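Numbering (my numbering), first residue to last: 256 to 927.
What follows is a single structure, written as structure tokens, with notes after it.
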Ligand code: ADP
Ligand code: ZN
Ligand code: ZN
């Protein structure tokens, strides 16, 4: 009797076996999509992972495959199945979780149906005939160094300053790979840039380019997936995080732009994978080369480069020999004391903005907080409005007239008076992008401004419109969160203002300085990209922090050394591998007991000095669920696969004992 093992799109461990009726047998191969019954009366599209001939004693125990999707070729390749197994193991989730993240939703529809085809809008935009710009001698040297490095190691890190022309180098190397008959995967961080960049790539690659970004519809995603399996796959895919799951037939090069970006890591739901790291594994399986590019490397990648795991290529000059922007530090603590600040603006920043407008140039203002103010406070009794479901204060959104929880999204009306003492004037504390825009309107009424943050980019195409207006100089000053730091390339931006470095620097996380360095250096890199040197005004209350000086001098190596000394001392990556364990539940008591039990069991498996917690994380309750966190720091010598199977077993045992009932547990491997 022919049986098949299938992978279901459900968060369940293991595969499930079904009988394959003879009438369906000729159409089924490993990787085929089949429809199977599961549970009382549900049906799912599942992926065949094995076909086997076996005698079955008790036929009643097994159900039959209902139908096979009429795909010209199996929808999933054997390489992909191998990858999914690896991801599930490494990131401590199920293969079903991976399947759901990987396969576009229409391909998982649990019924046979004609799939709607997307109109190939992108393709209609025509052929490429355009050659990419000729590389400058410095760029050529970097490209040659990369080609040479690949003869020794498959992964290379290109550390090139902002606006050094890394994109042009990627394009040349992608053309190399395609000329050799190989395919290219070009990864960019979520939301970032895909419009500006896809226009740039479209000019060179024309119809050979497929774009797999966050705004693609599910049907467009399914189209790209199937096209990759056809005899006319795209030569190059420009994609965000999830494009690492696409099938490739002859992958030759993976480019990971802005490799330091933490949006490459999926936070929720499982699989909590890091697309950069998965891409390196994908490339390894395909014998492809990898190019990591950035002006501000992650400490992990730079460490790999310095220790010889990756090659390192430096590119230190900007294209067109423009000098790196001057970064001026402004001590706003001092200015505040002397009452010389206009709201959030120092005289120096305001002056620079005025001059910019007079010269007909543009500016970018960066503050990594959206909304008007991160907190409201009663000036009389100190009452602060908090979310009823989460353990956080609410952010004031003035235009909406609402208080919004940034963790669960719940919106509340701003109370007319303090419920504790009746005071009617609640005071906004702290600085968000909305407040900056309002202050700016009062200070520089002639400036045309736009805001780029999560609130202004909800509508489809809103992101593109805001960037387009800025590119065409219909707006003068762009105010935004980390979104404005991501690789934007505008010709007329001469000033960047970093409104307040301190919220980033004081964030309680071992990566906060790394992140702050990256954000500040990246946003600084948005100005002075063409003819004239740019100016960055960096406002801070802690001007003497070493990281501020390193940003100012573009001194990444010293920054790296200082940070890694600290990481080594306290046992953080890249010197250990971290696994976080989160427990969530409504019942505080049960949660506390369970997390202490979890901890004591971990102590029997691992060196107790390598186990930390349980602790309540910075935000210890979200959407009504309280949270505890345990942390494992594993030495590099400790086999990750052994640790993982121990953790799985422990979770299994605790579940079997009923110790975790009413709680949800998840693991986060290599947390960001
Ligand atoms: P990076 O990715 O390193 O920040 P980009 O690749 O975006 O830099 O290059 C910055 C700007 O300089 C872009 O507008 C790009 O078109 C231009 N540029 C870079 N290299 C060249 C070149 N060799 N010829 C013409 N223009 C170039
Ligand atoms: Zn009050
Ligand atoms: Zn909330």
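Where is the CB? At the ideal position from N, CA and C, for every residue including glycine.
Model, not experiment: these values are computed from the prediction.
In angstroms with no decimal places, state the Cα-to-Cα distance between residue i and residue j.
i, j, result
"residue 771", "residue 367", "50 Å"
"residue 933", "residue 852", "This structure does not reach residue 933, given that the chain is present from 256 up to 927, and the question cannot be answered."
"residue 317", "residue 342", "29 Å"
"residue 380", "residue 721", "Bear in mind that a pLDDT of 48 at residue 380, under 50, signals an unreliable position, so the number given afterwards is only what the model happens to contain. C-alpha separation (whole angstroms): 22 Å."
"residue 902", "residue 268", "14 Å"
"residue 509", "residue 428", "10 Å"
"residue 506", "residue 489", "11 Å"
"residue 513", "residue 811", "15 Å"
"residue 784", "residue 616", "12 Å"
"residue 197", "residue 672", "Look at the range of the chain in this structure, 256 to 927, and you will see that residue 197 is not part of it."
"residue 517", "residue 293", "37 Å"
"residue 499", "residue 440", "8 Å"
"residue 882", "residue 870", "9 Å"
"residue 596", "residue 603", "10 Å"
"residue 442", "residue 549", "12 Å"
Quick one: using the 10 Å Cβ neighbour count with 16 as the cut-off for buried, is residue i buried or exposed?
i, result
"residue 755", "buried"
"residue 523", "exposed"
"residue 759", "buried"
"residue 357", "buried"
"residue 824", "exposed"
"residue 300", "buried"
"residue 478", "buried"
"residue 742", "buried"
"residue 822", "buried"
"residue 350", "buried"
"residue 494", "buried"
When DSSP labels each residue in this structure, what does residue i get in the three-state scheme?
i, result
"residue 800", "coil"
"residue 898", "helix"
"residue 214", "Only positions 256 to 927 of the chain appear in the structure, and residue 214 is not among them; the question remains open."
"residue 305", "strand"
"residue 564", "coil"
"residue 497", "helix"
"residue 262", "strand"
"residue 844", "helix"
"residue 852", "helix"
"residue 469", "coil"
"residue 878", "coil"
"residue 819", "helix"
"residue 380", "Legend: pLDDT at residue 380 = 48, less than 50; position of this residue unreliable, value from coordinates given subsequently. Coil at residue 380, not helix or strand."
"residue 571", "coil"
"residue 918", "coil"
"residue 272", "strand"
"residue 587", "helix"
"residue 522", "coil"
"residue 460", "helix"
"residue 861", "coil"
"residue 324", "coil"
"residue 829", "coil"
"residue 315", "helix"
"residue 490", "coil"
"residue 888", "strand"
"residue 366", "coil"
"residue 594", "coil"
"residue 443", "coil"
"residue 600", "strand"
"residue 452", "helix"
"residue 923", "strand"
"residue 256", "coil"
Within the chosen definition, does the region 706-715 reach the region 621-635 through at least 3 CB pairs nearer than 8 Å?
-> yes
Curious, which full-length alpha helix (DSSP H) runs of at least 4 residues does the region 657-728 contain?
-> 688-698, 717-726
Meets three-Cβ-pair contact criterion under 8 Å: the region 807-819 and the region 452-466 | no
Between the region 720-733 and the region 692-703, are three or more C-beta pairs nearer than 8 Å?
-> yes
Is the region 649-656 in contact with the region 665-674, if contact means three or more CB pairs nearer than 8 Å?
-> yes
Taking three-plus beta-carbon pairs below 8 Å as touching, is the region 552-564 in contact with the region 573-587?
-> no
Contact between the region 848-867 and the region 630-638: three or more CB pairs below 8 Å?
-> no
Note down, one range per segment and in chain order, each alpha helix (DSSP H) of at least 4 residues found wholly within the region 760-797.
-> 767-779
Evaluate contact between the region 826-841 and the region 887-903, counting only Cβ atoms and requiring at least three cross-stretch pairs below 8 Å.
-> yes
Counting only runs that start and end within the region 503-548, where is the beta strand (DSSP E) found for 3 or more residues in a row?
-> 506-512
Three or more C-beta pairs below 8 Å linking the region 381-397 and the region 307-314 = no
Are three or more beta carbon pairs between the region 796-803 and the region 536-547 nearer than 8 Å?
-> no
The region 564-579 / the region 829-845 touching (three or more Cβ pairs under 8 Å) = no
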